[in-house]
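Visitor:
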Amino acid sequence: MSSGVLRVGEPVLLIDRKQRRYLIDLKKGGEFHTHAGVIPHDEIIGVEEGARLLSGRGAGFLALRPTQADAVLKMPRGAQVVYPKDSAAILTWADIHPGARVLEAGIGSGALSMALLRAGAAVTGYECREDFLKVARANVARFCGPEELERYRTELRDVYEGVDESDLDRVVLDLPEPWRVVAHSAAALRGGGIFLAYTPSIMQVKRLREALEDSPFELHSTVEVLMRGWHVAGEAVRPDHRMVAHTGFLTTSRLCAP
Ligand code: SAH
53 MSSGVLRVGE PVLLIDRKQR RYLIDLKKGG EFHTHAGVIP HDEIIGVEEG ARLLSGRGAG
113 FLALRPTQAD AVLKMPRGAQ VVYPKDSAAI LTWADIHPGA RVLEAGIGSG ALSMALLRAG
173 AAVTGYECRE DFLKVARANV ARFCGPEELE RYRTELRDVY EGVDESDLDR VVLDLPEPWR
233 VVAHSAAALR GGGIFLAYTP SIMQVKRLRE ALEDSPFELH STVEVLMRGW HVAGEAVRPD
293 HRMVAHTGFL TTSRLCAP
């Protein structure tokens, strides 16, 4: 995580008075154009994070480093990303910690990879599509530091065909048929290791839970995370009218002796 003044090469979030967010990468001589006029990047480079800037036409903007949630919602996507509410829960339910050896598949756009790396894990990512692998690596390089990138190893391959790693602490899956990875995970995890799969459909959960029942995994659990925002303005204090009502289910399990 960077601190201090905003520097060349960094992603920066510009937020206007209506809370619209724009993500830019600071370049020497670059320009940020909106309907409300132009801000030269050179006026943003070297200012403190949280600074208030004015466009050529006098519109005010705040300049902040994007949080991980900002980055995930704004970054280019190959595949659909895991939303921040779910990646937050995945970090806790998969018990991700500094130094944890994690296999992640598929890596899609790299949103979940970023969360795992930020939490200190050493991540090996399997992804079967070369174009998605490229997007994921570019997103991770853009939003994570060099120390995190050193802990990120990716391979273009199909996880259903097998896992080469052994003695893993965690397996974290976001792909259509996680039941096809249960036996590979049982072989690749250490005793007590945690398996977690994110799946959008409850039919996937049912099939996965059946596969887990027939395996050395124990302590199966499935949850979903509902997050509702609130509108707070003077006396009008109430839940937001809209919410993201469904993303996916999180199923976890722990490897025990056969
Ligand atoms: N969690 C990711 C999104 C993953 S989308 C994020 O937050 O950005 C699901 C990904 O799984 C896709 O990129 C897809 O190509 C990949 N995938 C599907 N089946 C796979 C398999 N058998 N092996 C490896 N990757 C697979």
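Counting in the working numbering, the sequence shown runs from 53 upward without gaps.
Glycine included, each C-beta is placed from N, C-alpha and C at the ideal position.
(1) Within the region 236-272, note down every full alpha helix (DSSP H) run reaching 4 residues or more, in order along the chain.
(2) Just to confirm, does C180 get its C-beta within under 8 angstroms of one of the non-hydrogen atoms of the ligand SAH?
(3) Check V60 in the structure and name its three-state DSSP category.
(4) How close, in whole Å, do the beta carbons of Y212 and D138 come, if the pair is a contact with beta carbons under 8 angstroms?
(5) Take every Cβ of the region 79-93, pair it with every Cβ of the region 125-133, and state whether three or more of those distances are shorter than 8 angstroms.
(6) Give the straight-line distance between the Cα atoms of E199 and V275, rounded to the nearest whole angstrom.
(7) Could you tell me the boundaries of the alpha helix (DSSP H) in which P291 lies?
(8) Would the beta-carbon of Q132 be found less than 8 angstroms away from any heavy atom of the ligand SAH?
(9) If I148 sits next to A173, beta carbons under 8 angstroms apart, how far is it from one beta carbon to the other, in whole angstroms?
(10) Any chance you could list the beta strand (DSSP E) runs of at least 3 consecutive residues sitting entirely within the region 58-112, in chain order?
Guide: Reading off the structure:
(1) 254-265
(2) yes
(3) coil
(4) That belief does not hold up - the Cβ atoms of Y212 and D138 are roughly 23 angstroms apart, past 8 angstroms.
(5) no
(6) 32 angstroms
(7) Looking at the DSSP string, P291 is not in any alpha helix (DSSP H); the run it does join, the beta strand (DSSP E), is A288 to P291.
(8) yes
(9) 5 angstroms
(10) 63-68, 73-77, 83-86, 89-92 and 103-106
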